[in-house]
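Position one of the sequence shown corresponds to residue 6 (my numbering), numbered consecutively onward.
Even glycine gets a Cβ: it sits at the ideal position worked out from N, Cα and C.
To start, the structure itself, in structure tokens.
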Amino acid sequence: MKYISFIFSIVFVSLGVACTHMKKEKTMEDIIDTAFRTAIQQYSLMAESLIESDSLLPRTYQDGKLVTSNSHWWCSGFFPGSLWYLYEYSKDDKILSYARQYTSRIEREKYTTDNHDIGFMLYCSFGNGLRLTGEESYKEVLYTGSKSLATRYNPRVGLIRSWDFNENVWQYPVIIDNLMNLEMLLWAAKTFKDSTFKEICISHADKTMEHHYRNNYSCYHVVSYDTLTNKPHLKDTHQGYAKESTWSRGQAWGLYAYTFLYRETNDRKYLEQAKSIAQFLLHHPHMPKDYIPYWDFDAPDIPNALRDASAAAIMASGLIELSNYVDHELSTEYIKVAETQLRTLSSPEYTAKIGENGNFILKHSVGHFRENSEVDVPLTYADYYYLEALMRYKKMILESYK
Ligand code: GLY
6 MKYISFIFSI VFVSLGVACT HMKKEKTMED IIDTAFRTAI QQYSLMAESL IESDSLLPRT
66 YQDGKLVTSN SHWWCSGFFP GSLWYLYEYS KDDKILSYAR QYTSRIEREK YTTDNHDIGF
126 MLYCSFGNGL RLTGEESYKE VLYTGSKSLA TRYNPRVGLI RSWDFNENVW QYPVIIDNLM
186 NLEMLLWAAK TFKDSTFKEI CISHADKTME HHYRNNYSCY HVVSYDTLTN KPHLKDTHQG
246 YAKESTWSRG QAWGLYAYTF LYRETNDRKY LEQAKSIAQF LLHHPHMPKD YIPYWDFDAP
306 DIPNALRDAS AAAIMASGLI ELSNYVDHEL STEYIKVAET QLRTLSSPEY TAKIGENGNF
366 ILKHSVGHFR ENSEVDVPLT YADYYYLEAL MRYKKMILES YK
């Protein structure tokens, strides 16, 4: 009898130890290291697969095929930008050489004046390259690109025009995403002591705050301005579920952008705006527990609606930066949410196995649901903001406590 109870206690103790062991969460340090190591392998395969062409960039992976773009697609800068983050993490010369090569593929976009996406294209690629290498020639690209972007600013309206299509409906369309391009202009204002760039940014940011946001700090995707009165004549959506719905990625763009607007201007109204946008996102009844948003907060099929990993990645990166500018309680909340998002995105549900997913890092993003384009696929900007968020977490949270 004594012998049997001895055996039982051994079994129970072993089970207890095994359970405790199973429950032990990986540290964020481990999550970040594993994620970067996986990403380096995936993106090295991606870089090699397109190295022979001198102009192609990855866009997505659909129906078992890699979809590429040329430099004029709004996302062209994200793949080179991700390579820069991988270089920042690894200091590997091979990755540096990929980063330089793919960055050079989009230099010609510095002359782009037919849309507002120049900041996305150039600041993620050349901007990160300049930050990490100090390469002087990259400054010229960013300066010329900033001047091109500024040509889309109409001082009477006080905003940078986003798009030139759909002219029968939108007289002067400005989309919420456009805020993201301001980071490059703020850099140009500072670097070249050119106050015009800053004035453009402030006016664009202020008018967007006034006209894009509803009282609950959700935003419209598209606001079109009447070019005679310079006031909005239409509030609309292009990629969201409906005019009055909240498109998740748009909401994430706003959070991210008002955070860097506060960093660069020190104007507290932008900080308050970012905090209010975060409040909407974090406490929305349709926000899932793992904080990976549905593609639209008002999608009619919630809880079965698709999630958008790209919105989660942008949010995580924005929240990590914002956590530096707020009181302890809010800071803890923002970091906790970003950590949950990064843990979820780093799990097998969202992170692809090496060699799968067309060599993209993350699965399950939604590009343009209404047009059934890039739905539940990998996207370069999900990967970019995921890597940026991991790097920010490493530098702003892990290393700042050491
Ligand atoms: N800027 C376009 C998008 O977020 O889909």
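query	result
Three CB pairs or more closer than 8 Å across the region 175-185 and the region 228-245	yes
Glu141, DSSP secondary structure in three states	helix
Same chain, Cβ closer than 7 Å to Ile45, neighbours up to 5 away in sequence not counted	Leu91, Ser95 and Ile100
Beta-carbon gap between Glu145 and Phe265 smaller than 8 Å	no
Contacts around Ser250, its chain only, beta-carbon distance under 6 Å, and the 5 residues preceding and following it disregarded	Asp301 and Asp303
Whole runs of the beta strand (DSSP E) within the region 52-103, excluding any shorter than 3 residues	62-67 and 70-74
Residues of its chain near Thr190, where Cβ-Cβ distance is below 8 Å and the 5 sequence neighbours each way are ignored	Just to set this straight, residue 190 is Leu in the shown sequence, not Thr. Only Gly124, Ser151, Leu154, Ala155, Phe202, Lys203, Ile205 and Cys206 meet the Cβ criterion.
Alpha-carbon spacing of Phe197 relative to Asn220, whole angstroms	37 Å
Integer Cβ distance of Ala314 from Lys368, believed to fall under 8 Å	7 Å
Same chain, Cβ closer than 6 Å to Lys399, five either side skipped, listed in chain order	Ile37
Exposure label - Phe131; buried when at least 16 CB within 10 Å	buried
Local Cβ density within 10 Å of Lys248, reported as buried at 16 or more and exposed below that	exposed
Simplified DSSP assignment, three categories, for Arg110	coil
Contact under 8 Å by Cβ, Asp388 with Ser81	no
Contact set for Leu347: own chain, Cβ-Cβ below 7 Å, skip 5 residues either direction	Ile36, Ala321, Ala394, Leu395 and Tyr398
CB of His209 within 8 Å of CB of Arg166, strictly	no
Limits of the alpha helix (DSSP H) - the one that Gly124 falls within	Ile123 to Leu127
Three or more C-beta pairs below 8 Å linking the region 61-73 and the region 360-375	yes
8 Å Cβ cutoff met for Ala318 and Tyr261	no
Cutoff 7 Å; reference Tyr148; Cβ partners in own chain excluding five residues on either side	Ala193 and Phe197
Every unbroken alpha helix (DSSP H) within the region 279-331, with a cutoff of 4 residues, ordered by chain	314-327
Which of helix, strand or coil DSSP assigns to Lys240	strand
Close Cβ partners of Thr349 (< 6 Å) along its chain, the five nearest in sequence each way excluded	Asp295 and Ile297
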